[in-house]
Structure formats: structure tokens, C-alpha cells
Amino acid sequence: MTIYDIAEKAGVSASTVSRVINGKPGIRDATRQKVLALLEEYHYSPNTAARGLATQSSHFIGILIEDIRVSHHTDAVWTIEQEMMRAGYTCITLSTGTTPEGKAQAIQILQQRAVDGVILIGSMFSLDCVRTSILKYLFNTPVVMINGQIDLLNVYSILIDEERGMEACTAAMLEKGCSHPVLLISTDTPSNRSKLEGFRSAIQKSGRTFDASCVFNTTADSMDPLAGMREADEMCGRILEEKPDTDCIICIDDILAVGVLHSLSRRGKSVPGDISVTGMDNTLYGRVSTPTLTSIDNKIEEAGITKTRRKSVPRCIQIPARTVLRVTG
């Protein structure tokens, strides 16, 4: 059933049916009701592609994340999708993988789908190849980066102050009596570098000398939760062996922290009696772990809502992070 079929049955022009569908004024109420009744009777659904040709809008929004297995990022995607659906948009979500080539290719795919806008989730998109791909394929398309920055006129950023969040969390652990904290960190990203700086700053502001040997780097695929937990288990053993006086392990995400909790439990260590443990992202993992996990809430879902709800925004917005104290801290 097309718009022309509806018009014929109603005894009106196709343009009149179109005005009714789009809620335009200037239609007699009796005519409007007749057309609406026919639309409902024949379950008429406008052709989105055809409407896009007329309006020069696809009403598609592209969302890019590295890996759909990362619940912290998929929580943000869900929030954004709900907001965009309320605004009349459909979202296309792609997992790009970790390689620069995968990220650049995903941007080209979104250009081919004629999306009206793009949302990049995570600092791992702050790459030269992503900038080049945006310039090549999306130079006229608004792009929003959550927790990342690229210096282009059509790119808008919302940054989470993870450096201050990590600094505040580390300071809180020091104030409660932890004198030998270590940091368990994974892949080198702008976000993780900020967390490291926050950890370093808290140590130095407390009057202590920062020792680089108190930072432990994992090598597992940071996108794979099971691999992350296994790596955290192994790294915990190494920490206790190399730094036996450790009384606090601060992890850059909740998956690593849960892995540390399991490792400490198996080794007969009590948390937080013997060692305090903190994570980051304030995910479901930390809320259902035993004991429940102190974590830094970087408010990534709030970041998604902030950008999708605002009609006019500055080029960059910053949101503070906060420490959520639970049993392990």
C-alpha cells in the first residue's frame, strides 16, 4: 500500500495524504480523520529511504565502539540508542576492533550508509587515522567523541575527568591508611595515561616519592573480559611476590579488579583487611562481586545523555568522575 493508494481510496491528492502523515496544518478535520483511518486500516508505514531522499536526511546515527564485549561501553550505547529513538533516529552500532585500519574502515562504512551523525565511544578513537578518515568521509557530518578529542571543526568532545577521579580515589586510599598502593594498568590509551597521571599526582601530593615500579602493566587483550580476569590473577601473584608490603591494588577497570579479588581470595588474603582493592567504571561486575567493589564512576552513560539531549553545545564538555566507596575500599 503506497501513499498514492491511500490518496485514491480517500478521494484526495497524494500531497494531502503526505501533509496528514507529517502533521501539517491546513487540512480539514474530516479529511484528516478519513486519511488517518485508512492509514491505520492498511497498516501504512512510510518508506524511510524515500523520505530520506526528499528530506536529505537518513535519520540514521552511527555509533562506533572497539568491542561489544565491553559492558561499560555497551551500557553507554544502550543509553544513546534510547535517546536517539525518542528523537526519531535509528542507530547503527559497529564494533571496530582494536586496529587503526578497522576504525578507519568503520567510518567509511558509516559514510556509505549516509548517516546524519556519528558517535565515537572511548579515547582509543583519538588516532591520526581516525582523523584522516573523518576528513575524507565525514567532513560535513557532525561527530561526537565520548572521552576523546580530535581537532576538527565538525568533531565535538565530551571528556570525563578521569585523571582527577583517579587522583581522588588514590588520595582516599592513602588517607585511610594504605601506605603502599600499586596501580594495575592495561593498554596504552589517552584514557589510561590520564589515570596513571592521577595516580602519580596523588602519590606526590601526599609527600611520597613516586616509584614507577609500583605500576604493573597487563598484556592480555583488554577487550576480552575472561582474558582480563586471568591476566589480573597472574599479575596479582606477581605483585605480591615483588611488592609483599602492598596494601592497596588500584585497577584501571572493574574487570581487572574482580580478577584481583578472586586471586587474593584464593591466596587467603582478606579484602580490605589485608589489601584494599578498587576498580574503575562502576560497572555491574563490581556491584555483584563478593565483596562489592569500590570503583571510580566515570559517568560514561551521563556523557551519552548530555550530548544527545543538547541542541546547542560547546566544542568540548568535561564531566567529573567520582569514587563510589564499597566494601573493598
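Count the sequence shown with this note's numbering and you get residues -1 to 327, in order. Note that CB positions come from ideal geometry on N, CA and C, so glycine has one too.
Fully contained in the region 158 to 243 are the following beta strand (DSSP E) runs of length 3 or more, in chain order: 179 to 183, 213 to 215. DSSP lists LEU157 as the beta-bridge partner residues of GLN316. Taking the CA atoms as reference points, ARG26 sits about 13 Å from ALA8. Cβ-Cβ separation between SER131 and ILE105: approximately 4 Å, consistent with a contact (criterion under 8 Å). In this chain, the beta strand (DSSP E) harbouring VAL116 covers 115 to 119. When C-beta atoms of the region 224 to 242 are compared with those of the region 251 to 262, three or more pairs fall below 8 Å, so the two segments count as touching. Between MET164 and LYS134, the C-beta spacing is not below 7 Å.
With a 10 Å radius around the Cβ and a threshold of 16 neighbouring Cβ atoms, ILE61 comes out buried. Residues GLU165 of the same chain have their beta carbon placed closer than 6 Å to that of SER199, with the five preceding and five following residues left out of the count. Per DSSP, reduced to three states, the secondary structure at GLY284 is helical.
Residue pairing from DSSP places SER93 in a beta bridge opposite ILE63. With respect to the 7 Å criterion, LEU182 and CYS249 are classified as neighbours on the basis of their beta carbons. Around SER55, the same chain offers ASP114 as residues with beta carbons nearer than 7 Å, after the five sequence neighbours per side are excluded. Taking the C-beta atoms as reference points, TYR283 is found no nearer than 7 Å to ASP245.
In the structure shown, PHE137 adopts coil according to DSSP, grouped into three states. MET83 and TYR42 have their C-alpha atoms some 20 Å from each other. In chain order, ILE4, LYS7, ALA8, TYR42 place their CB closer than 8 Å to the CB of LEU36, counting only its own chain and leaving out the 5 sequence neighbours on each side. DSSP places THR276 in the strand class (E or B) of the three-state scheme. Only buried fits PRO223, as 16 or more other CB atoms lie within 10 angstroms of its CB.
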